[in-house]
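In what follows, a single structure is set out as structure tokens and then discussed.
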């Protein structure tokens with residue numbers, strides 16, 4: 004019996020691990036501030052992450068993208084209230100200024116008079132440095148109204164990345180959330196693209212998301228691995244380790260996409 008006592012004592016000292024349910028969802032938008040290390044994890048489809056909140060810096064969070072790139076930090080408090088957004092970043096939301104508001108207007112576009120018309124060709128509307136330069140990554144909310152659509156498709160305001168792009172292919176109001184990572188050159192273009200679009204658009208909008216609301220989780224980030232995908236359509240794995248001291252006391256593992 005004596006030979007089992009050290010083994011039993013060791014088992015008592017080992018940390019206990021309990022894994023919560025796994026589930027999938029649409030998009031996890033990870034935000035990391037460049038000048039500080041504060042940010043948040045937020046699900047753009049409204050999935051509630053507030054139950055992961057710790058409220059202390061003793062709770063570790065690890066976010067892994069589908070390629071195995073990792074962001075690590077300390078989980079903090081849940082957000083509160085509703086998601087808030089910053090000032091309008093589009094240079095001409097209602098197209099009342101016209102071509103003068105944009106740095107590039109390709110030949111298919113005619114601007115002014117309260118809308119933008121495309122003649123069925125393909126081309127860009129472009130505003131250089133259209134994003135909030137100085138933020139390592141940030142979450143943005145884009146909107147667009149398609150008032151006439153005869154053929155083709157057109158994007159909402161975006162940064163040129165395929166995972167940040169949403170094509171509108173019908174008349175209606177369209178919205179898209181995405182994360183933008185600053186270019187090292189600071190030339191962060193805001194774009195709208197016509198792909199053989201014949202029709203008219205209005206009310207283009209781009210605003211930075213400032214707080215995640217009650218369904219988000221604030222995080223103090225320690226490190227973000229180079230090449231981490233902030234708009235991973237294949238999903239993320241989030242692990243949360245709670246407890247203080249040297250060892251983990253519990254873990255929560257969630258797969259998100």
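In the working numbering, the protein residues as written are 4 to 260. We treat Cβ as the ideally placed atom computed from N, Cα and C, and that holds for glycine.
Taking buried to mean at least 16 other C-beta atoms within 10 Å of its own C-beta, is residue i buried or exposed?
i           : result
residue 99  : exposed
residue 167 : buried
residue 86  : buried
residue 183 : buried
residue 117 : exposed
residue 149 : buried
residue 207 : buried
Please state if the CB of residue j and the CB of residue i are separated by a distance shorter than 7 Å.
i           : j           : result
residue 274 : residue 243 : Absent from the model: residue 274. The displayed extent of the chain is 4 to 260, so no value can be given.
residue 210 : residue 134 : no
residue 64  : residue 178 : no
residue 105 : residue 215 : no
What separation, rounded to the nearest whole angstrom, lies between the Cα atoms of residue i and residue j?
i           : j           : result
residue 156 : residue 198 : 5 Å
residue 147 : residue 195 : 10 Å
residue 238 : residue 69  : 6 Å
residue 165 : residue 107 : 20 Å
residue 235 : residue 131 : 25 Å
residue 192 : residue 226 : 26 Å
residue 110 : residue 66  : 43 Å
residue 240 : residue 212 : 23 Å
residue 37  : residue 224 : In this predicted model, residue 37 has a pLDDT of only 42, less than 50, meaning its place in the structure is not dependable; the value taken from the coordinates is given anyway. Cα-Cα distance, rounded: 10 Å.
residue 89  : residue 218 : 19 Å
residue 176 : residue 97  : 14 Å
residue 102 : residue 181 : 26 Å
residue 56  : residue 151 : 45 Å
residue 73  : residue 202 : 43 Å
residue 230 : residue 75  : 14 Å
residue 141 : residue 173 : 29 Å
Could you please give me the residues that DSSP links to residue i through a beta bridge?
i           : result
residue 91  : 210
residue 168 : According to DSSP, residue 168 bridges with nothing at all.
residue 145 : 179 and 209
Next on the checklist: At 3 residues or longer, what runs of the beta strand (DSSP E) sit wholly inside the stretch 54 to 89?
Outcome noted: 63 to 68 and 73 to 81
Item to check | Inside the stretch 110 to 140 only - beta strand (DSSP E) runs reaching at least 3 residues | outcome: 112 to 115, 118 to 122 and 126 to 130
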